[in-house]
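A.B. asks: Residue numbers (this note's numbering), protein chains in the order written: chain A, 65 to 359; chain B, 65 to 359.
No residue lacks a Cβ here, since even glycine has one placed at the ideal position from N, Cα and C.
See the structure below:
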């Protein structure tokens, strides 16, 4: 008989803030000023982990590769240098997205984690969205899972989270909190429905019993409208605060991150232990051809 | 720049019905009568594919294995025999769950597909829920994907759908419609939130651009309350009809199943082609130990 599991929630919480910023492509100083203000305010309000949107240094809607080339920065460039100073000065962990110029001269849609210890991780988006494919090189490394004093923090970027394989990877490696810089384009949806991007984040969290903090952007950019769907979801897959669709501002929540270590969802079930990896091997071996079978 | 894809929706639709039944454990004749009535009415209303709940012949809340043993049936037993007759007589495809007594004397939480041609598939639930683990043997075969005149129809059961590996498997094998018999226990949730079970079905559909028809049960059974969360979700992940939480009755929708063959979600993106299977291999090779990494 299904029974609810009684969980003793940890009393230790970590205040996490997601800054939903009105970024503008090409306005590096303006974007940097918004970030500085948002990080300072969130830290003043007690946030220990602060998530910024994807491509927060540059904005998103590049006219072409030449414009991207003029705006992208190395990981030791001014943007990440400032984030490292903010992290050290305010004693916070910052996860945010940048347009990165790699040592190899290629461009990557990347995210970094800066904390008082320094640069803890750099991740390059592995699943590129639409015209990003003509601008950026896709990353080919697995998403980082970084041990911090708050718990294990994973990083991926926007469209990555729609690939359940990627989400499962960080969950299996023990992630308690997935920090997710995003730039979610605004798409039509039925009037009564929550945006599908948020629904997929909720499902990713509950299927793995892991917290997810997604920081989106807002404001129109060269004809592109953005969802502004910033959301912090708990390990049961429910948003921790009311949605602030489209509004600039910072969403904050106090997360009992240790709750993500308890994968039980009934007396007899555990979302990770119940996997049947011996049966999944064939899925990976297969290509994507349709080969319908019958009894 | 992200752009919406213009899709020409197929004008050919398939009417799919999901019967949300008030099953009662041990009342085989009563359950069979409800099924007969629901299938006849759905067929009269034009449904071509009719989905029934999990364990529709027996109900769910067995006292013990002995009670299950007294109720389970072989696939050539009276329940499936009647479903085959209904399918033939009404020219419909029926997918429903049964407590199955296998040739090996073991019990399985199974689902079958019966159509006018006969028994098209039998599937044994691979991810067992809670006390099912003490009653049933878990299946060890991949979920079927059956070519029909309506499209390719996959089958899995309840908790199976929470394993993204399993859902991806049928999507990669070309499933257009996933028929999902379920018995969803009623759990507490925030007052403003949709049940997590439905959220996960929505995400599974949209992440794979595949229709999902989930037929739940309702009515209290030996102290167990059920969600009654029957839902038919389109390939964008949105419910096709208003939810009828907890109410007995049949949910119907006309589904343009060919829409599931179009996996594009932007000019440059395709939910299956954008996978990075070469990067996922390591995930499968890993166990579930936490091995956090840093830069």
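Among residues of its own chain, excluding the 5 on either side of residue 226 of chain B, which ones have a beta-carbon nearer than 7 Å to its beta-carbon?
C.D. replies: Excluding residues within five positions, the ones whose Cβ falls inside 7 Å are 264.
A.B. asks: Where do the ends of the beta strand (DSSP E) carrying residue 244 of chain A lie?
C.D. replies: 241-245 is the extent of the beta strand (DSSP E) around residue 244 of chain A.
A.B. asks: Our contact map puts residue 77 of chain B next to residue 320 of chain B with C-beta atoms below 8 Å; I'd like the distance itself, whole angstroms only.
C.D. replies: 5 Å between Cβ atoms; contact.
A.B. asks: Can you round the beta-carbon distance between residue 277 of chain A and residue 243 of chain A to whole angstroms, since I take them to be within the 8 Å contact cut?
C.D. replies: The Cβ separation is near 5 Å, so the contact holds.
A.B. asks: Helix, strand or coil: how does DSSP classify residue 89 of chain A here?
C.D. replies: Three-state DSSP puts residue 89 of chain A in coil, outside helix and strand.
A.B. asks: For a quick check, are the C-beta atoms of residue 254 of chain B and residue 275 of chain A less than 7 Å apart?
C.D. replies: Cβ distance not < 7 Å, so residue 254 of chain B and residue 275 of chain A don't count as in contact.
A.B. asks: Which residues in chain B sit within 7 Å of residue 332 of chain A, going by Cβ to Cβ distance?
C.D. replies: Near residue 332 of chain A (Cβ distances below 7 Å), the residues of chain B are 194, 195, 197.
A.B. asks: Along chain B, in chain order, which residues have C-beta atoms closer than 8 Å to that of residue 254 of chain A?
C.D. replies: The contacting residues are 302.
A.B. asks: At which residues does the alpha helix (DSSP H) containing residue 153 of chain A begin and terminate?
C.D. replies: Start and end: 142-154.
A.B. asks: At a Cβ threshold of 7 Å, is residue 338 of chain A touching chain B?
C.D. replies: Yes, residue 338 of chain A lies at the interface with chain B (some Cβ there is under 7 Å from its Cβ).
A.B. asks: Taking the continuous alpha helix (DSSP H) assigned at residue 272 of chain A, which residues delimit it?
C.D. replies: Here the alpha helix (DSSP H) through residue 272 of chain A covers 260-272.
A.B. asks: Can you find the residues in the same chain that come closer than 8 Å, C-beta to C-beta, to residue 90 of chain A, ignoring five residues on each side of it along the sequence?
C.D. replies: If we look at residue 90 of chain A and ignore the five residues flanking it on each side, its Cβ neighbours are 122, 123, 131, 135.
A.B. asks: Do residue 203 of chain B and residue 211 of chain B have their CB atoms nearer than 7 Å?
C.D. replies: No, the Cβ-Cβ distance between residue 203 of chain B and residue 211 of chain B is not below 7 Å.
A.B. asks: Measuring alpha carbon to alpha carbon, tell me which residue in A:281, A:127, A:310 is nearest residue 118 of chain A.
C.D. replies: Ranking the options by Cα distance to residue 118 of chain A, first place goes to A:281.
A.B. asks: To which residues does DSSP link residue 209 of chain A through a beta bridge?
C.D. replies: DSSP, once it has assigned bridges, lists A:218 as partnering residue 209 of chain A.
A.B. asks: Which residues in chain B sit within 9 Å of residue 270 of chain A, going by Cβ to Cβ distance?
C.D. replies: Chain B residues near residue 270 of chain A: 226, 260, 263, 264.
A.B. asks: What are the boundary residues of the beta strand (DSSP E) that residue 231 of chain A is part of?
C.D. replies: It is not in any beta strand (DSSP E) - residue 231 of chain A instead sits in the alpha helix (DSSP H) that spans 228-236.
A.B. asks: Decide if residue 66 of chain A is buried, meaning its Cβ has at least 16 other Cβ atoms within 10 Å, or exposed.
C.D. replies: With a pLDDT of 41 at residue 66 of chain A, under the threshold of 50, the modelled position of this residue cannot be trusted; read the value that follows with caution. Buried: at least 16 other Cβ atoms inside 10 Å.
A.B. asks: For the ligand FMN, is there a heavy atom less than 6 Å away from the beta-carbon of residue 269 of chain B?
C.D. replies: This structure does not include the ligand FMN; it has no bound ligands of any sort.
A.B. asks: Taking 7 Å as the threshold (beta carbon to beta carbon), is residue 80 of chain A in contact with chain B?
C.D. replies: It does not; no Cβ of chain B falls within 7 Å.
A.B. asks: Take residue 267 of chain B and list the residues in its own chain whose beta-carbon comes closer than 7 Å to its own, dropping the five residues that flank it on each side.
C.D. replies: Correct list, in chain order: 301.
A.B. asks: Helix, strand or coil for residue 314 of chain B per DSSP?
C.D. replies: The answer is strand: DSSP assigns residue 314 of chain B an E or B state.
A.B. asks: Name the chain A residues that come within less than 7 Å of residue 257 of chain B, Cβ to Cβ?
C.D. replies: Ordered by position in chain A, the residues that pass the 7 Å Cβ test against residue 257 of chain B are 302.
A.B. asks: What residue range does the beta strand (DSSP E) around residue 184 of chain A cover?
C.D. replies: That run of the beta strand (DSSP E) goes 182-188.
A.B. asks: Can you list, in chain order, the residues of its chain with a C-beta nearer than 7 Å to that of residue 186 of chain A? Leave out the 5 residues immediately preceding and following it.
C.D. replies: Contacts found: 139, 174, 176.
A.B. asks: Enumerate, from N- to C-terminal direction, the unbroken beta strand (DSSP E) stretches of 3 or more residues contained entirely within the segment 76-128 of chain A.
C.D. replies: Listed in chain order, the complete beta strand (DSSP E) runs (minimum 3 residues) inside the segment 76-128 of chain A are 78-84, 113-115.
A.B. asks: Which residues in the same chain as residue 355 of chain A place their Cβ atom closer than 6 Å to its Cβ, once the five residues preceding and following it in sequence are excluded?
C.D. replies: In this prediction, residue 355 of chain A scores a pLDDT of 43, lower than 50, which makes its location untrustworthy; no coordinate-derived value is stated.
A.B. asks: What does residue 157 of chain B pair with, by DSSP beta-bridge criteria?
C.D. replies: DSSP lists B:113 as partners of residue 157 of chain B.
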